[in-house]
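Chemist: Chains as they are written, first to last, in the numbering used here: chain V, 912 to 1032; chain S, 912 to 1032; chain W, 43 to 325; chain F, 43 to 325. Please read through the structure below; I'll follow up with questions.
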Amino acid sequence: MIDRIRDRVNANAGLVRRGQYVSLPFLLGIGEEDYVVTIEKGRVSSVEPRRLATATGRFTIRAAKAVWDEFWKPVPKRNHHDLWAMLAAGIAKIDGDLLPLMQNLQYFKDVLAAPRPPREG
Amino acid sequence: MIDRIRDRVNANAGLVRRGQYVSLPFLLGIGEEDYVVTIEKGRVSSVEPRRLATATGRFTIRAAKAVWDEFWKPVPKRNHHDLWAMLAAGIAKIDGDLLPLMQNLQYFKDVLAAPRPPREG
Amino acid sequence: MPEFEPIVGRYFKMNVAGDDYRIHVEEAGRGTPLVCLHTAGADTRQYRHLMCDPAITNHYRVIAFDLPWHGKSNPPVGWRDREYRLTTDLYVQTIMAFCRAMALERPVVMGCSMGGRVVLHLALKHAIDFRAVIALEGADRVEPYYELDWLHRPDVNGGEVCAAFVSGQVAPQSPDEHRWETLWMYMQSGPGIFKGDLYFYWYDGHFDDRSPKIDTARCPVYLLSGEYDSSCTPERTEATASRIKGSKATVMEGIGHFPMAENPALFRKYILPVLDEIRETVR
Amino acid sequence: MPEFEPIVGRYFKMNVAGDDYRIHVEEAGRGTPLVCLHTAGADTRQYRHLMCDPAITNHYRVIAFDLPWHGKSNPPVGWRDREYRLTTDLYVQTIMAFCRAMALERPVVMGCSMGGRVVLHLALKHAIDFRAVIALEGADRVEPYYELDWLHRPDVNGGEVCAAFVSGQVAPQSPDEHRWETLWMYMQSGPGIFKGDLYFYWYDGHFDDRSPKIDTARCPVYLLSGEYDSSCTPERTEATASRIKGSKATVMEGIGHFPMAENPALFRKYILPVLDEIRETVR
């Protein structure tokens, strides 16, 4: 699913526009795997597995693989449908400099959810 | 009038609260004289004549002495009653990093106007 | 003339705790008065679908008002030097002042989120004044999971961040049209208002120690919460119900924290039987 | 029952340029219809003092509506993927659609700021449909002095910055109560709305090249501007008046950019004679 983030975000002109002030890398933790997601003016320029201990991002968002698998379903079950719901349920964690995350929270929520297939009907 | 800024601001609890996120020096130009106004968590910690070429601030607000004299009257005449009005009229100038100014614009407008005596009635 | 909705809005002045407020109130329908309380940082528009539903307005006079500082109700004179913060006392006083000003006789009161919590306070303190209370997404205790300061800072766009904080409180099944209308109201709330409301919601309004004292024989209590609510979760709703003897709790499947606004078609299936039961059983 | 103000609010659906909007409209009084247009990033509340003034409502049916995306009028379905931007055409279409929907017969139209500009466009394009136009703080040309991007950014609090940009547009003489109420509305405007409105005000709405074609014999034009207005300055108002033959211009001393909202007691001294003159001279 993580592979889909880049194309899905970049194909969504409204989302890219809403992220026009965002240029930074952030770290996305899926279970034991960390990925560096780099944003440039709202577009995802790369999503790469973290290779070095020093490869990091302004902030980090982590959850178990099973949690993200549920999150990316067309209609996720409760507590798994939204980053803030995952925080409230204690099944996701955010670290680092939260300021750019807060300044662009809906944008980042939508970037995370970009791989989600549309729900039926 | 410039001497009054510190005491007037610090005595205004509502204004200090509205500036609670502001900690920076800015440069206030009154005619040929520059002053470094230093804010710490919304309080004015000092207002000092600029002594060194390298003494500066995050942003600069400048106008002629006659403009500030009018600005500080109880009821200033038009174009002189507000920083933005002065910019529109071309009789004040702002330079530097405008981001903290914009983030706290009403606060800074009120700091500048702090020496103004209350209007009658 | 255009086809107007049956909702009529008016303004009047009301004093609460020494401050005068210009209050905006909307109403539709005839019958038993039903006062509707909007969520934190929002306004009366959340109830617009109920107010245009003849199945409700044929039997109820539905009345919604913007709290002071919300929607088209103004903040008090001198607001600039004050920090808005909603407390339990102020909230209860505001609702009581409103019902008195409107001369409502034992209305049913329904609130959502912080409005859902405050109706439990009303059932405890003012049982005699209300025919029944309906708590939507209202528990007697919730647990904060974020710092309120993020909601009102110079370096974060307030309208955007308030909406983004609650966007996950809308269920994934809810229609996009209603999802984004619900969030739009959050984008329009004044700086610091959602934050000030949440002081009541997250901190001041807890009363799980006193909720067992509510006498549902005097004032029936209905609790309806959405499956996808992350703050007033189904578990917290059921815990609240277990503490309030005689209360009736329902978990609404496929709904989040804003039932009447985010999915009006689904919500009416849950709320109509409750309103019918109150009409048939409560005098 | 409380003492309600004479203002009554209603909602209806209206289509403009292919989009459906839920529109909030308020009115008070009887007589000649007088449509009132609020300023950029604000709403109908700006006209509340006029709507409660019997000297006006005894002769005029005063009607104010929230533009789409403003106040309690909603943005269109699907708004999330669109950027709000008001153009001359869209603005004129919106007002014409509103007057048609309300079945108003040759109303007087009064607008302030961007509303004051657009009424000049109406006088030119739709002279036959309006009894007279009153431009408050409306010039046929203004000069921008700031970048609009500051008004909608993730790292600047939108409500705060919009209000702070216009705070100096209120005259120093205006009572604090009205000053801060005027600014409160700006604090409540949705993200990007003031910015989108200013696209019309600062860029798209100029028409000093066409304003001389306005025929004031067919549609009388009144221009009233505040001494302390920094955008529609007294000079620009007079320049506009000089280009529109037969128009009548007044500079209102001790008033800024929001006359009806910032200093209602002073403003009525300027507007009552205009409304009387229109009543007595225009058929």
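Positions of the beta carbon are idealized from the N, C-alpha and C atoms, including for glycine. The structure displayed is predicted, hence computed values, not measured ones.
Classify W:Leu162 as buried or exposed, calling it buried when 16 or more other Cβ atoms lie within 10 Å of its own Cβ.
Modeler: Numbered from its first residue, the third sequence carries residue 162 of chain W at position 120. W:Leu162 comes out buried.
Chemist: How would you label V:Val978, buried or exposed, when you count the other beta carbons within 10 angstroms and need 16 or more for buried?
Modeler: Along the first sequence, one-based indexing puts residue 978 of chain V at 67. Its Cβ being crowded by 16 or more others within 10 Å, V:Val978 is buried.
Chemist: Using beta-carbon positions only, say whether F:Ala82 and F:Ser155 come within less than 8 angstroms of one another.
Modeler: Walking along the fourth sequence from the start, residue 82 of chain F turns up at place 40. Walking along the fourth sequence from the start, residue 155 of chain F turns up at place 113. Cβ distance < 8 angstroms, so F:Ala82 and F:Ser155 count as in contact.
Chemist: For W:Val184, count the other beta carbons within 10 Å of its own beta carbon; 16 or more makes it buried, fewer makes it exposed. Which is it?
Modeler: Position 142 of the third sequence, counting from 1, holds the residue named residue 184 of chain W. The residue is buried, with at least 16 neighbouring Cβ atoms inside 10 Å.
Chemist: Under the assumption that W:Val208 contacts W:Leu225 (Cβ atoms under 8 angstroms), give the Cβ distance between them as a whole number of angstroms.
Modeler: Locating residue 208 of chain W in the third sequence gives position 166, where the first residue counts as 1. Locating residue 225 of chain W in the third sequence gives position 183, where the first residue counts as 1. Contact flag correct, Cβ pair sits at about 7 angstroms.
Chemist: To test your reading of the DSSP string, which unbroken beta strand (DSSP E) runs of 3 or more residues are found completely within the stretch 135-173 of chain W?
Modeler: Counting whole runs of 3 or more residues, the stretch 135-173 of chain W contains the beta strand (DSSP E) stretches 150-154.
Chemist: Nearest chain S C-beta to W:Glu219 closer than 8 angstroms, yes or no?
Modeler: Here residue 219 of chain W is taken as the residue at index 177 of the third sequence, counted from 1. So, not an interface residue.
Chemist: Taking only runs of the alpha helix (DSSP H) that begin and end inside the stretch 949-983 of chain V, which ones reach a length of at least 4 residues, in chain order?
Modeler: For the stretch 949-983 of chain V, the full-length alpha helix (DSSP H) segments reaching 4 residues or more read 976-982 along the chain.
Chemist: For F:Gly210 and S:Trp983, which I take to be in contact (beta-carbon distance under 8 angstroms), what is that distance rounded to the nearest angstrom?
Modeler: Position 168 of the fourth sequence, counted from the start, is the residue given in the question as residue 210 of chain F. Position 72 of the second sequence, counted from the start, is the residue given in the question as residue 983 of chain S. Contact doesn't hold; Cβ gap of about 15 angstroms is too wide.
Chemist: How about S:Gln1014: is its C-beta nearer than 8 angstroms to some C-beta of chain F?
Modeler: In the second sequence, the residue the question calls residue 1014 of chain S occupies position 103. A Cβ of chain F is located within less than 8 angstroms of the beta carbon of S:Gln1014.
Chemist: Which word fits F:Asn100, buried or exposed, when buried means at least 16 other C-beta atoms lie within 10 angstroms of its C-beta?
Modeler: Locating residue 100 of chain F in the fourth sequence gives position 58, counting from the first residue. Classification of F:Asn100: exposed, given that the 10 Å Cβ count is below 16.
Chemist: Between which two residues does the alpha helix (DSSP H) holding W:Thr224 run?
Modeler: As a working mapping, residue 224 of chain W is identified with position 182 in the third sequence. Start and end: Asp218 to Met229.
Chemist: Counting beta carbon pairs with one atom in the stretch 268-286 of chain F and one in the stretch 105-118 of chain F, are three or more of them shorter than 8 angstroms?
Modeler: With the cut-off at 8 angstroms, the stretch 105-118 of chain F and the stretch 268-286 of chain F do not touch.
Chemist: If you count every other CB in all the chains shown that lies within 10 Å of the CB of W:Asp85, and 16 or more means buried, which is it?
Modeler: Within the third sequence, the letter at position 43 stands for residue 85 of chain W. With 16 or more other CB atoms across the displayed protein chains lying within 10 angstroms of its CB, W:Asp85 is buried.
Chemist: Report, in whole angstroms, the separation of the C-beta atoms of S:Arg969 and S:Gly1007, which I expect to be a contact under 8 angstroms.
Modeler: Here the question's residue 969 of chain S lines up with position 58 in the second sequence. Here the question's residue 1007 of chain S lines up with position 96 in the second sequence. Correct: roughly 6 angstroms between the Cβ atoms.
Chemist: Closer than 8 angstroms, CB to CB, is S:Tyr1096 near chain W or not?
Modeler: Outside the modelled stretch of chain S, which goes from 912 to 1032, sits residue 1096 of chain S, for which no answer is possible.
Chemist: Measuring only the C-alpha atoms, how far is F:His342 from F:Asp250?
Modeler: Nothing about residue 342 of chain F can be read from this structure; chain F reaches only from 43 to 325.
Chemist: Report the neighbours of F:Gln88 on chain S: residues whose CB is nearer than 9 angstroms to its CB, in chain order.
Modeler: Translated into the one-based positions of the fourth sequence, residue 88 of chain F becomes position 46. Neighbours of F:Gln88 on chain S: none; closest Cβ ~20 angstroms, over 9 angstroms.
Chemist: Once DSSP output is grouped into helix, strand and coil, what is the label at F:Cys204?
Modeler: Taking the fourth sequence and counting its residues from 1, the one referred to as residue 204 of chain F is at position 162. Looking at F:Cys204 - three-state DSSP - the assignment turns out to be helix.
Chemist: Can you give me the Cβ contacts of S:Tyr1018 inside the same chain, cut-off strictly under 6 angstroms, excluding the 5 residues immediately before and after it?
Modeler: As a position in the second sequence, residue 1018 of chain S is number 107, starting the count at 1. These residues qualify, in order along the chain: Arg929 and Gly930.
Chemist: Taking only beta-carbon atoms, is W:Phe207 less than 8 angstroms away from chain V?
Modeler: The residue given as residue 207 of chain W occupies position 165 in the third sequence. Yes, W:Phe207 lies at the interface with chain V (some Cβ there is under 8 angstroms from its Cβ).
Chemist: What is the C-beta distance between W:Tyr89 and W:Val104, in whole angstroms, given that I count them as a contact (C-beta under 8 angstroms)?
Modeler: As a position in the third sequence, residue 89 of chain W is number 47, starting the count at 1. As a position in the third sequence, residue 104 of chain W is number 62, starting the count at 1. Indeed, because the Cβ distance is near 7 angstroms, the residues count as touching under 8 angstroms.
Chemist: Distance check for F:Gly157 and V:Glu944, CA to CA, integer angstroms please.
Modeler: Position 33 of the first sequence, counted from the start, is the residue given in the question as residue 944 of chain V. Position 115 of the fourth sequence, counted from the start, is the residue given in the question as residue 157 of chain F. Going from the Cα of V:Glu944 to the Cα of F:Gly157 covers about 56 angstroms.
Chemist: Three-state secondary structure (DSSP) at F:Thr258?
Modeler: For the purposes of this step, residue 258 of chain F is taken as residue 216 along the fourth sequence, with counting starting at 1. If DSSP states are grouped into helix, strand and coil, F:Thr258 belongs with coil.
Chemist: Does F:Asn57 pass the burial test, meaning 16 or more other C-beta atoms within 10 Å, or should it be called exposed?
Modeler: Translated into the one-based positions of the fourth sequence, residue 57 of chain F becomes position 15. By the Cβ neighbour-count rule, F:Asn57 is exposed, with fewer than 16 other Cβ atoms within 10 Å of its own.
Chemist: Which residues does DSSP pair with W:Tyr53 in a beta bridge?
Modeler: Within the third sequence, numbered from 1, the residue matching residue 53 of chain W stands at position 11. Note: W:Tyr53 sits in a beta bridge opposite W:His66.
Chemist: Short of 7 angstroms Cβ to Cβ, which residues in the stretch 174-194 of chain W face chain V?
Modeler: Tyr187 and Trp192
Chemist: Could you pull out every residue in the same chain whose Cβ sits closer than 7 angstroms to the Cβ of F:Thr130, ignoring the five residues on either side in sequence?
Modeler: Here the question's residue 130 of chain F lines up with position 88 in the fourth sequence. His163, Phe242, Asp246 and Gly247, listed in sequence order.
Chemist: So S:Ala1003 is in the beta strand (DSSP E); what residue range does that whole segment cover?
Modeler: The residue given as residue 1003 of chain S occupies position 92 in the second sequence. From DSSP, the beta strand (DSSP E) with S:Ala1003 extends over Ala1003 to Gly1007.
Chemist: Do W:Met43 and W:Ala70 count as a contact pair if the criterion is CB distance below 8 angstroms?
Modeler: Against the third sequence, residue 70 of chain W aligns to sequence position 28. Against the third sequence, residue 43 of chain W aligns to sequence position 1. W:Ala70 is not a Cβ neighbour of W:Met43, given a cutoff of 8 angstroms.
Chemist: From V:Phe937 to V:Ala1024, what does the alpha carbon distance come to, in whole angstroms?
Modeler: Numbered from 1 along the first sequence, position 26 holds the residue referred to as residue 937 of chain V. Numbered from 1 along the first sequence, position 113 holds the residue referred to as residue 1024 of chain V. Roughly 15 angstroms between the two C-alpha positions.
Chemist: Relative to the alpha-carbon of F:Arg195, which residue among S:Pro1028, S:Asp1021 and S:Pro1011 has its alpha-carbon at the smallest distance?
Modeler: As a working mapping, residue 195 of chain F is identified with position 153 in the fourth sequence. F:Arg195 has its Cα closest to that of S:Pro1011, out of S:Pro1028, S:Asp1021 and S:Pro1011.
Chemist: Run down chain F in chain order and give the residues with a C-beta less than 9 angstroms from the C-beta of V:Arg928.
Modeler: Along the first sequence, read from residue 1 onward, the residue named residue 928 of chain V stands at position 17. Asp123 and Glu125, listed in chain order.
Chemist: Could you name the residues of the same chain whose beta carbon sits closer than 7 angstroms to that of F:Arg87, not counting the 5 residues immediately before and after it, in chain order?
Modeler: The residue given as residue 87 of chain F occupies position 45 in the fourth sequence. Result list for F:Arg87: Met227, in chain order.
Chemist: Closest by CA to F:Glu202, which one among F:Phe54, F:Val119 and F:Phe236?
Modeler: Your numbering for residue 202 of chain F matches position 160 in the fourth sequence. For the residues F:Phe54, F:Val119 and F:Phe236, the minimum Cα distance to F:Glu202 belongs to F:Phe236.
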